[in-house]
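Student: Questions regarding the structure given below will be posed in turn.
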Amino acid sequence: MTVSSPNMFLIYVTDVDRATRFYSDLFGMIPQLATPRYVSFEVTPGVLFALWSGHAETMDANAPRFSEVGLMVPGSAAAVDAIHDEWVGKGATVVEAPHDEVFGRTFVVSDPDGNLIRVSPLD
Numbered sequence: 000m001t002v003s004s005p006n007m008f009l010i011y012v013t014d015v016d017r018a019t020r021f022y023s024d025l026f027g028m029i030p031q032l033a034t035p036r037y038v039s040f041e042v043t044p045g046v047l048f049a050l051w052s053g054h055a056e057t058m059d060a061n062a063p064r065f066s067e068v069g070l071m072v073p074g075s076a077a078a079v080d081a082i083h084d085e086w087v088g089k090g091a092t093v094v095e096a097p098h099d100e101v102f103g104r105t106f107v108v109s110d111p112d113g114n115l116i117r118v119s120p121l122d
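According to numbering that gives the first Met the number 0, the residues represented by the sequence shown are 0 to 122, in order.
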């Protein structure tokens with residue numbers, strides 16, 4: 000079997016335990032595999048969302064982040080706003096408040112390391 004589509008999305012973090020707690024709570028997921036420097040969550044069979052702190056000592060905590068992890072949700076703008084309110088209640092840092100874009104309602108939060116997470120409507 001040949002796999003040619005991306006099937007692992009890796010996020011660099013400085014503290015894997017803190018990031019695991021953050022993403023487990025935010026997404027309501029339980030890690031599939033947890034090691035001291037690498038934790039993976041199975042998003043769907045064969046597709047992983049993973050945290051890696053293997054080179055945390057070389058990370059620049061102040062470096063701007065440009066890539067985003069995305070969560071596309073079905074429903075109206077109200078569904079996006081409801082997730083925003085839920086995540087703010089969980090302590091997520093809002094980078095962009097809910098607003099309308101050409102693709103619909105959206106907002107962006109960051110994890111404790113400044114990695115960006117965008118919520119938007121399902122395409």
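We put the CB at the ideal spot given by N, CA and C, even for glycine.
Source: prediction; values computed, not measured.
1) Pull up the distance between the alpha-carbon of L32 and that of I116, whole angstroms please.
2) D59: buried (16+ other C-beta within 10 angstroms of its C-beta) or exposed?
3) Using beta-carbon positions only, say whether V118 and I82 come within less than 8 Å of one another.
4) Name the DSSP bridge partner or partners of Y11?
5) Mind checking N114: buried by the 16 CB within 10 Å criterion, or exposed?
6) In chain order, what residues of the same chain lie with their CB nearer than 8 Å to the CB of P73, ignoring the 5 residues before and after it?
7) Just to confirm the assignment: which complete beta strand (DSSP E) runs, minimum length 3, are found wholly within the stretch 46-108?
8) G53 and N6 look like a contact to me (Cβ under 8 Å); what is the Cβ gap, rounded to whole Å?
Tutor: Let's see:
1) 22 Å
2) D59 is exposed by the Cβ-count criterion.
3) yes
4) W51.
5) Answer is buried; the Cβ neighbour count reaches 16.
6) P120 and L121
7) 46-51, 67-72 and 92-100
8) About 20 Å separates the two Cβ atoms, so there is no contact after all.
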